[in-house]
Amino acid sequence: MRLSLRFIVPLLIVLAGIAYAVVPLVDSLTVRWFTRDLDIRANLVATTVEDAVHELVQVDNKARVRQLFTKITQDERLFAMGYCAAPSAMPIATPSLPPELRCDSLARFMTEDPAAHVLSSARGPLLVSVRALASDSAPSGELVLVHDMSFVGRRSEETRKYLFYVFAALGLTVSLITVVVAQLSWRGWEQGLRALMRGEGILRPTDKHDRPELRPIARDLRALIQDIQSEHRAREDDQAPWDAAALKAILGGDLRGHEVIVVSNREPYMHMFQGDEIVVKQPASGLVTALEPIMRACSGTWIAHGSGTADRQVVDRHDRVGVPADTPAYQIRRVWLSTQEESGYYYGFSNEGLWPLCHNAHVRPTFRATDWEQYVAVNRKFAEAVVQEATSSDPIVLVQDYHFALLPRFVRDLLPNATIITFWHIPWPNPEAFSICPWREELLDGLLGSSILGFHTQFHCNNFVDTVDRLLEARVDRESFTVSYHGEPTAVKRYPISVDWPPSPTLLTKSVDQCQRDVRHHHLLPDGHVVGVGIDRLDYTKGIEERLRAVQRFLELRPEWIGRFSFIQIAAPTRSSIEHYQEYESRVRALAMRINTQFTDAAHPPIILHAEHHEPREVYEYFRGADLCFVSSLHDGMNLVAKEFVASRDDERGVLVLSQFTGAARELPEAIIVNPYDAEECAEALFQAVTMPEREQRARMRLMRSLVGEFNVYRWAGRMMLDAASVRRRSRLTRRFEFPIGLRGRPQGRPEPLPLHT
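Its first residue numbered 881, the sequence shown is counted upward by one per residue in my numbering.
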């Protein structure tokens, strides 16, 4: 007890000293926080009343100005308002404006020192905020806002009281713990716990007391302890900044020694013949944009369809090639498809069937039995490639997109211990829409071979779980969002995809000002010409027709912008062998020509259409050189173009006009959100974008960049990897109690693997 008292008394003295030092710091921070909040509030009020004040001042209606200010100052924290047209003028103000606030004395309140903005009064401290109001149609002036800060003192007093209670409770709690620990002989208990953690005693049998029946329990207990520690690290990692180094740390820690295999239809690098030379190109794809930096961090293997004209010439005898060519960071394993396989699996079932089925874009899905046969065969071919590339019996396999809905089940049959994460990059429809597919049960069975099934938004997760609940005999747990199908669990999770952050320095070599000059010079546009940009594949789900009609309607409603505004549409051709895409490209070209013909008197064309592939560096030049970016998708899982535009604008300028039917709209509410089907609304949004003050552009873009930077592509991948590590730790324990694979056979009730021909 004496030892406890010797510890407690100094501890209480230290706590009292800390409290004495912390209280003034808390008071200072409280004043600083409230001062900052009131300053932000002043910006909001100034922006709100700016137009109204200018109109009233212009017609010299001082009474209405005072009436407006009096109405606003009914807020208990806003003490007074005034307006000074010039330093020598008398302020137009509410009666409560302090007399020492004259128009010629406002300069002292426009410094960066917040302490210089505070006035003393009988009511208490007053914070003075001065905001400049300027307009092309009205003389400049200063708006004065006086905030009542007496509430800050009351809040500080409450804070001090709560701090006293907290430190008193903390001292009492620590004292009690100290006494209890002393009575229980802390050191001996700690040594015993450490021995238990090391597996000594009953956990680690000795020569004298050998208890083999407890060995499995010891191993399981140590595994559980490691599991708890890993879960704790995962929670800490979730709060840490995500980058390539953090992702590598996860692979080197939680997934140490485990290989990562990515499977996708599209390859990240294509080798193409250009005359007699072979050049390397990166396809325009959101999937490649998201996964390519991840594979650089993982140093894994990417299995993809080799579709480049020179792909066969650069691979080794195992169909592998290291990429990027200058500094190889990972390998591509190319799978070769015949013309018949590509036609049925890719163009047929995937893009004439599943793509329109999952996108609400008013194109009827087409399902053919021959296409389904090729889809099954190609999925099985890729599954066999996974087995060939795997160097262990339990790799982590990342299956990408709707091209491989059957692949998870095929891999699960060949590698039962693999951790399979399937990410569905497009929307998942409601159960009624999905029921159109003749092979709906087979597709769901294939996807439920995954350990984890990911979607962009919670809405798509809900749709998938509803579909399984409606169409399969499966147990659905809506609290944990897991599906148990024939005794095998699949976690359904939301992983909103994003982009590389910060962007590669090679994409930002040109300054924004230089990009603006180059984009205009390349299209023979004068400096200062307002430019909008849209960058998409020529796909009917991207709403390019709706976007061009919105530009047309904008110029019809705002003819003063004819010749002053041009919209550059970059549209990479895609799936050109499909009739719907051929027709769509023709319609887009015809519409652009028709709009330009309508405005033939314009000094510069309103629509500039480039239906061709552009390299990432060229795309970023357009992003950085434009005044606005218009994303008008009719239905999209996420849409990375919106996030790429935000990431490219390190000048914190530019306006994003974004369709409400994209997953990105749920994450970027600071964009101008529109219904792409409503041409009038989109035209008004374009007007708002081209006339938005630079201050508002910066405020919006700063918030969006903060979100894209925090929730970047490394976080997207890292969360999946951490969840994969958790799944692997849990399955490690359950596998110990299973029969050997050769004796187990197929779980009862699971359908046999799909044959190559149905």
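Don't be surprised by glycine CBs; every beta carbon is placed ideally from N, CA and C.
Quantities reported herein were computed from a predicted structural model and do not represent experimental measurements.
One Cα belongs to Leu1294, the other to Phe1229, and the distance between them is close to 24 Å.
In this chain, the beta strand (DSSP E) harbouring Gly1414 covers Val1410 to Arg1417. From the listed residues Ala1177, Glu1312 and Pro1275, the smallest Cα separation to Ala1298 is found for Pro1275.
Less than 8 Å divides the Cβ of Val1258 from the Cβ of Glu1221. Per the Cβ contact rule, the stretch 1600 to 1610 is not in contact with the stretch 1385 to 1392 (fewer than 3 Cβ pairs under 8 Å). Counting only the Cα atoms, Leu1025 lies some 59 Å from Arg1455. Here the alpha carbon of Glu1532 sits roughly 30 Å from the alpha carbon of Ala1483. Between Val1399 and Tyr1500, the C-beta gap is not smaller than 8 Å, which leaves the two residues out of contact.
When secondary structure is reduced to three states using DSSP, His934 falls in the helix class. For Ile1415 and Gly1334, the gap between their C-alpha atoms comes out near 26 Å. In the three-state reduction of the DSSP assignment, Arg1197 falls in the coil class.
Cα atoms of Leu1351 and Pro1376: separation of roughly 26 Å, rounded to the nearest angstrom. The C-beta distance from Arg1011 to Ala922 rounds to 6 Å, short enough to meet the 8 Å contact threshold. Between the C-alpha atoms of Val1537 and Thr928 there is a straight-line separation of about 22 Å.
Straight-line measurement puts the Cα of Arg944 at about 60 Å from the Cα of Leu1127.
According to the DSSP assignment, Ser1539 belongs to the beta strand (DSSP E) that extends over Val1535 to Ser1539. A distance below 7 Å between beta-carbons, with the five flanking residues on each side excluded, links Arg1248 to the following residues of its chain, in chain order: Gly1228.
According to DSSP, residue pairing for Cys964 in a beta bridge involves Glu1022.
Annotated as distal: Met1581 and Ala1544, with beta-carbon spacing of 8 Å or more.
Following the DSSP letters along the chain, one finds Met1150 inside the beta strand (DSSP E) bounded by residues Met1150 to Gln1154. Every unbroken stretch of the alpha helix (DSSP H) spanning 4 or more residues and falling wholly within the stretch 1521 to 1602 is given here in chain order: 1559 to 1570 and 1574 to 1590.
The beta strand (DSSP E) runs lying completely inside the stretch 1444 to 1510 and spanning 3 residues or more are 1445 to 1452 and 1487 to 1490, given in chain order.
Ile1057 is classed as exposed because its beta carbon has fewer than 16 other beta carbons within 10 Å across all chains shown.
Within a 10 Å sphere around the beta-carbon of Gly1412 sit 16 or more other beta-carbons, which makes this residue buried. Rounded to the nearest whole angstrom, the C-alpha separation of Ser1330 and Val1379 is 25 Å. Within the same chain, Leu1013 come within 7 Å of Glu930 by CB-CB distance, once the 5 residues on both sides are set aside.
Secondary structure of His1401 (DSSP, three-state): helix. Of the residues assessed, Asp1191 falls on the buried side of the cut-off, its CB having 16 or more other CB atoms within 10 angstroms.
Residues Cys983 of the same chain have their beta carbon placed closer than 6 Å to that of Ala969, with the five preceding and five following residues left out of the count. The C-beta separation of Ile1301 from Leu1278 comes to about 5 Å, placing the pair in contact by the 8 Å criterion. Of the candidates Arg957, Val1032, Glu1576 and Leu977, Val1032 places its Cα closest to the Cα of Val911.
In the structure shown, Gln1280 adopts extended strand secondary structure according to DSSP, grouped into three states. Residue environment analysis places Leu1404 among the exposed positions, since fewer than 16 neighbouring C-beta atoms fall within 10 angstroms of its C-beta. Straight-line spacing of the CA atoms in Asp1346 and Thr1271 works out to 37 Å.
Closest in alpha carbon position to Pro1204, among Arg1292, Cys1238, Val1215 and Gln1162, is Gln1162. Glu1550 is positioned such that its CB atom lies closer than 8 Å to that of Leu1583.
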